[in-house]
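Each remark here refers to the structure printed beneath this line.
Numbering (our numbering), first residue to last: 484 to 670.
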């Protein structure tokens with residue numbers, strides 16, 4: 484497979500932002516060997532992975548150079564691939580004051596990147612906007628922006644997951660404003 488074909492199989496995959504103090508020493512890689520990352524400026528990063536069946540391989544900067552792609556082109560392809568992968572497979576299940584999203588066990592949280600979900604089928608569950616919890620890669624739940632009970636339930640989801648969860652992302656709740664996810668100050 485060519486490097487371009489490899490890059491064109493990429494999926495957008497959320498990761499937490501790490502401060503310089505939090506970053507493992509092993510991340511002292513050459514720039515070419517660093518994974519391609521897009522900072523969402525909200526405590527989250529988008530990385531790009533290729534599903535190899537039993538593992539994920541990160542798209543690195545040298546892959547982009549070899550494929551002749553820009554980071555923006557990779558992002559567009561990877562979000563489109565995530566949308567295609569989720570089509571007909573994901574499920575939104577209302578439960579009391581929140582809606583849980585089920586997908587494949589790896590990319591649930593990454594679904595915040597798919598505007599067509601939030602502007603389309605997910606909009607039926609809210610009236611005044613979205614608040615979402617994405618404490619780990621495989622957990623995504625949301626509620627209406629004006630639902631105090633929903634926010635409390637989302638906070639409960641985060642509190643249950645973060646002490647011992649796997650592939651943790653964020654303890655914050657996020658609201659969607661003009662297509663961008665912003666951490667809530669009061670949550």
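For each residue, glycine too, the CB sits at the ideal point set by N, CA and C.
Shown here, residue 499 sits in a strand according to DSSP, grouped into three states. In the DSSP annotation of this structure, residue 606 is not part of any beta strand (DSSP E), being labelled neither H nor E.
Taken in chain order, the complete alpha helix (DSSP H) segments of 4 or more residues contained in the segment 497-572 are 544-550, 554-569. Between residue 645 and residue 550, the gap from beta carbon to beta carbon reaches 9 Å or more. Annotation for residue 499: 526, 527, 528, 651, 652, 653 place their beta carbon closer than 8 Å to its own, counting only its chain and skipping 5 residues before and after. Counting only runs that start and end inside the segment 605-662, the alpha helix (DSSP H) elements of at least 4 residues fall at 631-644. The C-beta of residue 660 has fewer than 16 other C-beta atoms within 10 Å across all chains shown, which makes the residue exposed.
Following the DSSP letters along the chain, one finds residue 586 in no beta strand (DSSP E), marked with neither H nor E.
A direct Cα-to-Cα measurement between residue 627 and residue 484 gives close to 45 Å. Residue range 486-490 is occupied by the alpha helix (DSSP H) that includes residue 488. The three-state reading of DSSP puts residue 592 in helix, counting H, G and I together. Within the same chain, 627, 629 come within 8 Å of residue 610 by CB-CB distance, once the 5 residues on both sides are set aside.
By the criterion of at least three beta-carbon pairs nearer than 8 Å, the segment 630-638 is in contact with the segment 572-584. Within a 10 Å sphere around the beta-carbon of residue 572 sit fewer than 16 other beta-carbons, which makes this residue exposed. Just measuring C-alpha positions, the residue of 488, 663, 649 sitting nearest residue 564 is 488. Classified as buried, residue 593 has 16 or more neighbouring CB atoms from the shown chains inside 10 Å of its CB.
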